[in-house]
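Numbering (the working numbering), first residue to last: 164 to 526.
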């Protein structure tokens, strides 16, 4: 006679019950063994029933591994900081060469409209490679995404919208000043310079918002922990929450921050777009300059979206080595977010103070 698992369980034989449970499907096995745990609470059967959960818990990460990853991350940042002046000068020289080629193609298009195809292709490439060089837009995107919880979809929307806002601002600025008010190139240059200052101020505002929200979350976490004098684990099952998890911090990211990011990046008109629009107006092909500016925005959006994805992927890898449980991940996320806000403020002050000593934004 073949006994069922329930019958064997009633016999209170751990070995037989364990053998019987192993013959069922995984879901049924888990249900039977959990029921057997409640009735018999012995250690021998616990080892058998827990094997389904052994793959869920991540392997512990040593402090040595975490330290190495952190040092590599900091070392890469320090090397980038040292190479920044050389990268900036190389980028400026390269952009001057491309701007010269764009102006030549506009003059050629005046005689032969087929040159417009070459202008369109070069404008798209300009947007791609211009975004790879140093710039405050990349600073904002990488600093914010690396230190703040953000979803991929929201990040991509933010970078794409920022790129097109830059083009729209450039087209609007040149159209109003040059076409309608017949302003000189110097006046257009001064107006663009003023918009750049606004973008740096918005960068400061973004950093201040991030710092405020980080301190607020840290205080809320501290207050929540202070009210629990008894010891709780991450999943104590007591029926109430002890701290916000990573998803809640992600959802708490304010739409206001995204708006400030788009404003701080987009309010700075693309210098390449302004130059193309100025030259296009000189040769009587202003409509072609508008198309060129839009194609630059497409290339910029493509590159900045890729940078955003790389930043989020790198942050995910690094964060895995910084904390092992939910409480540590939450506190680490808040600390990193605070550091990011401070960096945004410092970079904004540096760019704003050094702006008056820099080159013309257009010429």
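The C-beta atom is built at its ideal place from N, Cα and C for all residues, glycine as well.
Short Cβ contact (7 Å threshold) for residue i with residue j
i: residue 292; j: residue 515; result: no
i: residue 270; j: residue 446; result: yes
i: residue 511; j: residue 366; result: yes
i: residue 461; j: residue 324; result: no
i: residue 333; j: residue 456; result: yes
i: residue 340; j: residue 326; result: no
i: residue 361; j: residue 437; result: no
i: residue 377; j: residue 497; result: yes
i: residue 432; j: residue 358; result: yes
i: residue 322; j: residue 468; result: yes
i: residue 442; j: residue 281; result: no
i: residue 504; j: residue 342; result: no
i: residue 278; j: residue 268; result: yes
Extent of the continuous alpha helix (DSSP H) run through residue i
i: residue 435; result: 434-445
i: residue 419; result: 418-429
i: residue 277; result: Careful: residue 277 lies outside any alpha helix (DSSP H) and carries neither H nor E.
i: residue 342; result: Residue 342 -> no alpha helix (DSSP H), and no H or E assigned at all.
i: residue 316; result: 315-337
i: residue 128; result: Beyond the ends of the chain as shown, which are 164 and 526, falls residue 128; an answer cannot be given.
Residue closest to residue i, alpha-carbon to alpha-carbon, out of the options
i: residue 302; options: 369, 332, 252 and 255; result: 369
i: residue 330; options: 511, 440, 310 and 478; result: 440
i: residue 459; options: 257, 231, 287 and 244; result: 287
i: residue 478; options: 462, 423 and 304; result: 304
i: residue 255; options: 234, 243, 463 and 294; result: 294
i: residue 473; options: 427, 308, 245 and 268; result: 308
i: residue 371; options: 495, 423, 231 and 233; result: 423
i: residue 299; options: 470, 493, 476 and 428; result: 428
i: residue 450; options: 276, 261 and 248; result: 276
i: residue 420; options: 351, 500 and 346; result: 500
i: residue 316; options: 387, 471, 351 and 502; result: 471
For residue j and residue i, believed in contact at Cβ under 8 Å, the rounded distance
i: residue 435; j: residue 444; result: The Cβ separation is near 15 Å, so there is no contact.
i: residue 306; j: residue 507; result: 6 Å
i: residue 448; j: residue 272; result: 6 Å
i: residue 513; j: residue 313; result: In fact, because the Cβ distance is near 24 Å, the residues do not count as touching under 8 Å.
i: residue 494; j: residue 384; result: 7 Å
i: residue 296; j: residue 250; result: 7 Å
Minimum Cβ-Cβ distance from residue i to chain D less than 7 Å
i: residue 268; result: Any reference to chain D falls outside this structure, which holds one protein chain only.
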